[in-house]
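Residue numbers (the working numbering), protein chains in the order written: chain A, 1 to 113; chain B, 114 to 226.
Glycine included, every Cβ here is placed at the ideal spot set by N, Cα and C.
Note that this is a predicted model, so its numbers are computed, not measured.
Below is one structure, written out as structure tokens; comments come after it.
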């Protein structure tokens, strides 16, 4: 069974600082990787996805992630965060099939002025 | 519609009561998923439909949970004899067939008292 580990439950950061949210997965087969963002009382919004090809994936709102197969990681980065980036971020993995996703427990990004 | 619509947004049920949660997917989306998100956790897969066919229900936690999509569009998740551990946000998502990174609705927050 697949699993996703998000090592940090909360990441506090100051506005305009860079941030990295960590994600590791366990799977012995080809995987597809995703980052979603969830604002309070809302559903999940897709930030970016890795299906194949270039290991550096660019997403919406200035976020990017790098797929590292040898380290089974898919860390999310942003060079300069805004207050509006405050939200819960979820890493997810799929092994194909019906596109079912296995999610991590989430990382709360707290951006302060 | 423009997005995935779920109703009601909030539902309070007394223990033992039956509830029905509705999902209106994006028009034309073949795939429909239900996920359960407990407080402080990532979403967990419940069931998957391709048109009206329920192809995967491996995530349904007990036989009290039942889902249907009779005409291949609107779906209903029914929970019989609700228990306190059923308290969670229930998320619906839809996508075109074979697409990764589907669109989530805002969810239904179920509280069982």
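Q: Select from 117/B, 115/B, 127/B and 122/B the residue whose C-alpha is nearest the C-alpha of residue 226/B.
A: Numbered from 1 along the second chain, position 113 holds the residue referred to as residue 226/B. Minimum Cα distance to residue 226/B is reached at 127/B.
Assign residue 16/A to one of two classes, buried (16 or more other C-beta atoms within 10 Å of its C-beta) or exposed (fewer than that). As a working mapping, residue 16/A is identified with position 16 in the first chain. Classification of residue 16/A: exposed, given that the 10 Å Cβ count is below 16.
I'd like to know if residue 19/A contacts chain B, where contact means its C-beta is closer than 9 Å to some C-beta of that chain. Within the first chain, the letter at position 19 stands for residue 19/A. Residue 19/A does not count as touching chain B.
### Touch test, the region 179–196 of chain B against the region 133–145 of chain B, Cβ-Cβ under 8 Å, three pairs minimum
yes
* To do: Please say whether residue 143/B and residue 219/B have beta carbons closer to each other than 9 Å?
  => Numbered from its first residue, the second chain carries residue 219/B at position 106. Numbered from its first residue, the second chain carries residue 143/B at position 30. The answer is no: Cβ separation not under 9 Å.
Can you name the start and end residues of the beta strand (DSSP E) that residue 98/A belongs to? Here residue 98/A refers to the residue found at position 98 of the first chain. That residue, residue 98/A, is in no beta strand (DSSP E); it is neither H nor E in DSSP.
How should residue 113/A be labelled, buried or exposed, when 16 other C-beta atoms within 10 angstroms of its C-beta is the threshold for buried?
Taking the first residue of the first chain as position 1, residue 113/A is located at position 113. With fewer than 16 Cβ atoms within 10 Å of its Cβ, residue 113/A is classed as exposed.
Just mark residue 175/B as buried or exposed, buried being the case when its beta carbon has 16 or more other beta carbons within 10 Å. On the second chain, position 62 is the one that residue 175/B refers to. Exposed, by the Cβ-count rule.
Do you know how far the Cα of residue 150/B is from the Cα of residue 201/B? What you label residue 201/B is simply residue 88 of the second chain in a count that begins at 1. What you label residue 150/B is simply residue 37 of the second chain in a count that begins at 1. Roughly 6 Å separates the two Cα atoms.
To which residues does DSSP link residue 72/A through a beta bridge?
Numbered from 1 along the first chain, position 72 holds the residue referred to as residue 72/A. According to DSSP, residue 72/A bridges with nothing at all.
Q.
Between 101/A, 110/A and 69/A, which has its C-alpha nearest residue 24/A's C-alpha?
A. In the first chain, counting from the first residue as 1, residue 24/A sits at position 24. Of the listed residues, the one whose Cα sits closest to residue 24/A is 69/A.
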